[in-house]
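Novice: I am attaching a structure below and will ask some questions about it afterwards.
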Ligand SMILES: [Zn+2]
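Here it is, written out as structure tokens:
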């Protein structure tokens with residue numbers, strides 16, 4: 259049996275999550291990490307998966323809606339942690355790893 263184009267398309271569709279689901283994931287991670295943000299935006303981004311302003315405005319690449327949950331978690335935790343730690347130093351790295359390991 260040959261897989262048809264339409265069934266391949268269906269698999270992609272089933273993996274895609276809704277923006278509301280993604281935003282709920284961000285809210286859950288924010289609670290776990292203990293940070294508050296002001297806004298979440300989802301839009302296509304060229305060179306990155308997410309960004310975070312010092313004022314608590316989070317922007318995520320809308321392509322994340324097509325990515326596996328573990329990948330989304332990596333990006334979400336990274337950006338939310340920047341609300342606590344603005345750099346990528348040792349503290350940032352160890353907190354990032356421990357949060358991802360704890361809720362895997
Ligand atoms: Zn960063």
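Numbering (the numbering used here), first residue to last: 259 to 362.
Every residue gets a Cβ at the ideal spot worked out from N, C-alpha and C, and that includes glycine.
Treat the numbers as computed from the prediction; the structure is a model and nothing was measured.
Say whether the region 312-329 touches the region 292-303, bearing in mind that this needs 3 or more beta-carbon pairs closer than 8 angstroms, one atom from each stretch.
Specialist: yes
Novice: Is there at least one non-hydrogen atom of ligand 1 closer than 7 angstroms to the beta-carbon of residue 299?
Specialist: As a working note, residue 299 is residue 41 in the chain shown. Distances taken from the Cβ of residue 299 to the heavy atoms of ligand 1 include none shorter than 7 angstroms.
Novice: Span of the beta strand (DSSP E) holding residue 301?
Specialist: As a position in the chain shown, residue 301 is number 43, starting the count at 1. Its beta strand (DSSP E) spans residues 297-301.
Novice: According to DSSP, simplified to helix, strand and coil, what is residue 323?
Specialist: Position 65 of the chain shown holds residue 323. Helix, per DSSP.
Novice: Under 8 angstroms between the Cβ atoms of residue 284 and residue 343?
Specialist: Position 26 of the chain shown, counted from the first residue, corresponds to residue 284. Position 85 of the chain shown, counted from the first residue, corresponds to residue 343. The answer is no: Cβ separation not under 8 angstroms.
Novice: Which residues neighbour ligand 1 when neighbourhood means a C-beta less than 6 angstroms away from any of its non-hydrogen atoms? List them by chain order.
Specialist: 336, 340, 346
Novice: When you compare each of 291, 313, 357 to residue 298 by their alpha carbons, which one comes out closest?
Specialist: Residue 298 sits at position 40 when you count from the first residue of the chain shown. Selected option, being the one with the closest Cα: 313.
Novice: Quick check on DSSP: helix, strand or coil for residue 311?
Specialist: Working through the chain shown from its first residue, we reach residue 311 at position 53. If DSSP states are grouped into helix, strand and coil, residue 311 belongs with coil.
Novice: Residue 329 to residue 296, Cα distance in whole Å?
Specialist: What you label residue 329 is simply residue 71 of the chain shown in a count that begins at 1. What you label residue 296 is simply residue 38 of the chain shown in a count that begins at 1. Rounded to the nearest angstrom, the two C-alpha atoms are 23 angstroms apart.
Novice: Please report the distance separating the alpha-carbon of residue 340 from that of residue 310.
Specialist: As a working note, residue 340 is residue 82 in the chain shown. As a working note, residue 310 is residue 52 in the chain shown. Using only the alpha carbons, I get a separation of about 7 angstroms.
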